[in-house]
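Engineer: The structure that follows is given in the form of structure tokens.
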Amino acid sequence: MHGSELVPANESLLTQTTVGTPAVYDAATLAVLAAMEKAAEEHLDQIRPENTKRGYANDWALWQEFHAWLAKRTGQPLPPTAVTRGLFVGFVVWLDTVKVAAPSSIDRRITGVTVTLRRQHGIEVPKAATLAAREALKPLKLDPARQARGRGQAPAATPEQLRQMSAAAADGLAGLRDRALWLIAFGIAGRSAEVAALNTEGIVLESKGLRVTVPSVKGLPGRKVTIAYGTNPDTCPVRAWLTWKTAVNLTEGPAFLPIDQWGNLGTRRLAPEACRKIIARNAARAGVEVRLTGHSMRAGFITASRAAGKREEKIREQSGHAENSPVFWRYIRDADAWADAASEGIGL
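Under the numbering used here, think of the first position of the sequence shown as 4, with each following residue one higher.
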């Protein structure tokens with residue numbers, strides 16, 4: 004087929020003289036295309052997960068911080084929209100040496116800055132810049148010490164540690180919220196993003212406990228789970244939730260809300276990072292020997308449930324893990340490690 008056969012009848016809208024040559028549009032067509040581009044970006048922004056937006060915002064904040072750090076050393080401030088091969092490689096080195104970031108985090112930061120520059124500032128990062136940045140990242144990914152930064156399997160919280168945290172919980176609304184938050188997180192085997200996304204109307208009291216609708220986050224499917232009344236009032240998620248809900252008269256909206264230093268209740272939903280900090284802070288306050296994180300509640304539920312003899316498929320229904328999830332089976336192996344241990348009762 005010849006190039007001339009590809010030219011539409013209305014040549015005032017499009018002319019193309021050679022196959023592969025970019026089309027040339029008139030002003031009216033360009034205006035429509037520009038409007039469609041804007042509408043598409045607005046639509047994509049609306050459906051983009053909030054966690055992704057927050058992640059990109061954090062990436063951009065680090066990029067700006069890098070520029071400020073660089074300006075102090077060179078005496079020459081650069082606009083954050085300045086993008087070169089050297090700047091991107093310098094960003095990688097800065098994240099590695101100054102921020103001591105894990106290679107996987109650095110990789111995500113590169114993507115976040117690239118996306119923000121394109122979507123919010125209309126600047127396409129040169130391919131040479133991203134290629135050079137990831138070339139600089141390659142040896143970092145091969146370094147076991149760097150790979151271990153900020154990573155590693157979260158220690159699984161135990162029921163004993165939850166009782167320890169409950170006994171040391173703060174007074175007032177913050178204490179009621181925090182206790183309900185970590186116990187609900189444990190009860191649903193929830194990720195921090197899932198706990199942050201919980202809604203009051205999605206936590207329904209029934210005769211045997213709570214039926215909880217866990218929303219979809221990070222593109223993962225939502226699920227419905229049940230939390231039975233606990234045998235220990237101090238660590239019962241059902242009682243903890245009802246106490247918190249009644250104290251602040253929650254009827255709808257976010258299940259967990261911010262509380263300022265004066266005890267005033269906020270209206271906006273807690274962020275996942277805030278949920279993680281609440282768990283870590285309360286574990287430290289209670290003197291828990293290991294550093295518990297948001298994921299410790301999820302890991303803890305799986306291992307505790309398995310140790311209590313619960314079936315694998317029932318545990319997966321609660322946690323939302325896929326049947327072939329290597330993470331899930333690692334937790335199961337950890338829980339089974341002392342069940343009929345090979346070294347037990349062999350005459351040693």
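For each residue, glycine too, the CB sits at the ideal point set by N, CA and C.
All values reported here derive from a predicted model rather than from experimental measurement.
Inspect the beta-carbon positions of residue 143 and residue 110 and report whether they are closer than 7 Å.
Structural biologist: Position 140 of the sequence shown, counting from 1, holds the residue named residue 143. Position 107 of the sequence shown, counting from 1, holds the residue named residue 110. Not closer than 7 Å, so no.
Engineer: Take the Cβ of residue 275 as the centre, count every other Cβ of all protein chains shown within 10 Å, and call the residue buried at 16 or more, exposed below.
Structural biologist: In the sequence shown, counting from the first residue as 1, residue 275 sits at position 272. By the 10 Å Cβ count, residue 275 comes out buried.
Engineer: Please report how far the alpha carbon of residue 95 lies from the alpha carbon of residue 85, in whole angstroms.
Structural biologist: Here residue 95 refers to the residue found at position 92 when the sequence shown is read from its first residue. Here residue 85 refers to the residue found at position 82 when the sequence shown is read from its first residue. Their Cα atoms are separated by approximately 16 Å.
Engineer: Using the Cα positions of residue 324 and residue 331, report the straight-line distance between them to the nearest angstrom.
Structural biologist: What you label residue 324 is simply residue 321 of the sequence shown in a count that begins at 1. What you label residue 331 is simply residue 328 of the sequence shown in a count that begins at 1. Residue 324 and residue 331: Cα-Cα distance of roughly 6 Å.
Engineer: Could you give the DSSP three-state label for residue 250: helix, strand or coil?
Structural biologist: Within the sequence shown, numbered from 1, the residue matching residue 250 stands at position 247. Residue 250 falls in the helix class under three-state DSSP.
Engineer: On the DSSP bridge list, what partners appear for residue 213?
Structural biologist: Here residue 213 refers to the residue found at position 210 of the sequence shown. Per DSSP, 208 and 230.
Engineer: Among the candidates 350, 318, 297 and 80, whose CA atom is the shortest distance from the CA of residue 229?
Structural biologist: Here residue 229 refers to the residue found at position 226 of the sequence shown. Here the closest residue by C-alpha is 318.
Engineer: Between which residues of its own chain and residue 244 is the CB-CB distance below 7 Å, once the five residues before and five after are set aside?
Structural biologist: As a working note, residue 244 is residue 241 in the sequence shown. 183, 187, 206 and 213.
Engineer: Rounded to a whole number of angstroms, what is the C-alpha to C-alpha distance between residue 335 and residue 309?
Structural biologist: Here residue 335 is taken as the residue at index 332 of the sequence shown, counted from 1. Here residue 309 is taken as the residue at index 306 of the sequence shown, counted from 1. So the two alpha carbons sit approximately 7 Å from each other.
Engineer: Pull up the DSSP beta-bridge partners for residue 257, would you.
Structural biologist: As a first step, residue 257 must be located in the sequence shown, where it is residue number 254. Bridge partners of residue 257: 202.
Engineer: Report the residue ranges of all alpha helix (DSSP H) runs contained in full by the segment 293–327; include only those spanning at least 4 residues, in chain order.
Structural biologist: Complete alpha helix (DSSP H) runs here, min 4: 297–310 and 315–322.
Engineer: For residue 57 and residue 196, what's the separation of their Cα atoms in angstroms?
Structural biologist: Position 54 of the sequence shown, counted from the first residue, corresponds to residue 57. Position 193 of the sequence shown, counted from the first residue, corresponds to residue 196. Distance between the alpha carbons of residue 57 and residue 196 is about 12 Å.
Engineer: Nearest by alpha-carbon distance to residue 277: which of 113, 181, 170 and 302 is it?
Structural biologist: What you label residue 277 is simply residue 274 of the sequence shown in a count that begins at 1. Of the listed residues, the one whose Cα sits closest to residue 277 is 181.
Engineer: My output table needs one value for residue 140: the three-state DSSP class, helix, strand or coil.
Structural biologist: Walking along the sequence shown from the start, residue 140 turns up at place 137. DSSP places residue 140 in helix when its eight states are reduced to three.
Engineer: How would you call residue 307, buried or exposed, if buried means at least 16 neighbouring beta carbons within 10 angstroms?
Structural biologist: As a working mapping, residue 307 is identified with position 304 in the sequence shown. Residue 307 should be labelled buried.
Engineer: Taking all protein chains shown into account, do 16 or more other C-beta atoms lie within 10 angstroms of the C-beta of residue 169, making it buried, or fewer, making it exposed?
Structural biologist: Within the sequence shown, the letter at position 166 stands for residue 169. So residue 169 ends up on the buried side.
Engineer: Where does residue 184 fall in DSSP's three states?
Structural biologist: Counting from one through the sequence shown, the residue named residue 184 turns up at place 181. Three-state DSSP puts residue 184 in a helix.
Engineer: Please classify residue 273: does DSSP put it in a helix, a strand, or coil?
Structural biologist: For the purposes of this step, residue 273 is taken as the residue at position 270 of the sequence shown. If DSSP states are grouped into helix, strand and coil, residue 273 belongs with coil.
Engineer: Report the three-state DSSP secondary structure of residue 373 (helix, strand or coil).
Structural biologist: Lying before the first or after the last residue shown, residue 373 is absent from the chain, which here runs from 4 to 351.
Engineer: Between the segment 55–75 and the segment 117–125, are three or more C-beta pairs nearer than 8 Å?
Structural biologist: They touch, by the three-pair rule.
Engineer: Note down the Cα distance separating residue 288 from residue 264, rounded to an integer number of angstroms.
Structural biologist: Residue mapping note: residue 288 aligns to position 285 of the sequence shown, counting from 1. Residue mapping note: residue 264 aligns to position 261 of the sequence shown, counting from 1. Computed Cα separation, rounded: 17 Å.
Engineer: Tell me, which residues are paired with residue 268 by DSSP?
Structural biologist: As a first step, residue 268 is located in the sequence shown; it is residue number 265 there, counting from the start. The partner list for residue 268 (beta bridge, DSSP) reads 262.
Engineer: Rounded to the nearest angstrom, what separates residue 167 and residue 238 at their Cα positions?
Structural biologist: The residue given as residue 167 occupies position 164 in the sequence shown. The residue given as residue 238 occupies position 235 in the sequence shown. Rounded to the nearest angstrom, the two C-alpha atoms are 10 Å apart.
Engineer: Residue 147: which of 252, 173, 107 and 179 sits nearest, CA to CA?
Structural biologist: Within the sequence shown, residue 147 is the residue found at index 144, counting from 1. When only C-alpha atoms are compared, the closest one is 107.
Engineer: Ignoring anything shorter than 4 residues or poking outside the segment 40–113, list the alpha helix (DSSP H) runs there in chain order.
Structural biologist: Qualifying alpha helix (DSSP H) stretches, in chain order: 53–77 and 88–100.
Engineer: So, using beta-carbon positions, are residue 189 and residue 304 closer together than 7 Å?
Structural biologist: Counted from its first residue, the sequence shown places residue 189 at position 186. Counted from its first residue, the sequence shown places residue 304 at position 301. For residue 189 and residue 304, yes; Cβs fall inside 7 Å.
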